[in-house]
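Visitor: A single structure is presented below for examination.
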């Protein structure tokens, strides 16, 4: 095997090949022909015609090792890439961090530090993040701007409690209907509460309406109708 540096990955045949410059070519500025890149898994399937497996093509400037099929110098291929002093920071204490990082800053990180940030993290350079917290037994999804979940049906289930908190507002829009089913329900509104509908029906076994400080006003555009079976209204 020989050490070389990638000079191009813009394969004109779109086959994932690269051009390299061997160390002995640096003097005259020479470079290789297009060569293939070895992968842990590469091929196709009945469902995937192309790029099944690992697709990680070295970037220009990367340091790579080049092998030769059956020792033939006319049939070179890249066997792998090498970190070196200028582009490596290791794998943290006790070799606890394994990661995949792309050119633009996308990261898939596996952290095996059981006393620290034990878990799996997917994140980008803008702050979008999906974190499996193995130590805390929880999942964190975070984005600087917006999170969208889209599906035919969505089910959210909790054995204990579901909390919804927003600094400004919460909007629930059921284009056909919204149903709440529970044993007890309490609504606390600090200021005004407005309920608007074309028709409103409330059915209970017992109803009590209190205005603890100010007047209680019943207003209708036509009539206020009492349908009490006893035909009585008690005022006190």
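Numbering (the numbering used here), first residue to last: 628 to 863. Quick reminder that beta carbons are idealized off the backbone N, C-alpha and C, glycines included.
Quick one: measure Cβ to Cβ for residue 705 and residue 662, integer angstroms, because I've assumed they're closer than 8 Å.
Guide: The residue given as residue 705 occupies position 78 in the chain shown. The residue given as residue 662 occupies position 35 in the chain shown. Going by Cβ atoms, the distance from residue 705 to residue 662 rounds to 6 Å, so yes, they are a contact pair.
Visitor: So who's on the other strand from residue 631, going by DSSP bridges?
Guide: Working through the chain shown from its first residue, we reach residue 631 at position 4. Paired residues: 649, 691.
Visitor: State the beta-bridge partners of residue 662 as determined by DSSP.
Guide: Sequence index remark: in the chain shown, residue 662 carries index 35 (1-based). Note: residue 662 sits in a beta bridge opposite 645.
Visitor: Under 8 Å: do the stretch 748 to 758 and the stretch 767 to 780 share three or more Cβ pairs, one atom per stretch?
Guide: Yes: at least three Cβ pairs fall under 8 Å.
Visitor: Following the continuous beta strand (DSSP E) through residue 765, name the residue where it begins and the one where it ends.
Guide: The count along the chain shown starts at 1 and reaches residue 765 at position 138. Residue 765 -> beta strand (DSSP E) spans 765 to 769.
Visitor: Return yes when the Cβ of residue 643 is within less than 8 Å of the Cβ of residue 682, no when it is not.
Guide: In the chain shown, the residue the question calls residue 682 occupies position 55. In the chain shown, the residue the question calls residue 643 occupies position 16. Taking 8 Å as the Cβ cut-off, residue 682 and residue 643 qualify as a contacting pair.
Visitor: Looking at C-beta atoms only, is the number of pairs between the stretch 735 to 743 and the stretch 712 to 727 that lie closer than 8 Å three or more?
Guide: Counting Cβ pairs under 8 Å, three or more are found: they touch.
Visitor: Buried or exposed for residue 782, going by 16 or more other Cβ atoms inside 10 Å?
Guide: Here the question's residue 782 lines up with position 155 in the chain shown. Burial call: exposed.
Visitor: Just to confirm, are residue 647 and residue 659 a CB contact at a threshold of 8 Å?
Guide: Taking the first residue of the chain shown as 1, we reach residue 647 at position 20. Taking the first residue of the chain shown as 1, we reach residue 659 at position 32. It is a contact, given that the beta carbons lie within the stated cut-off.
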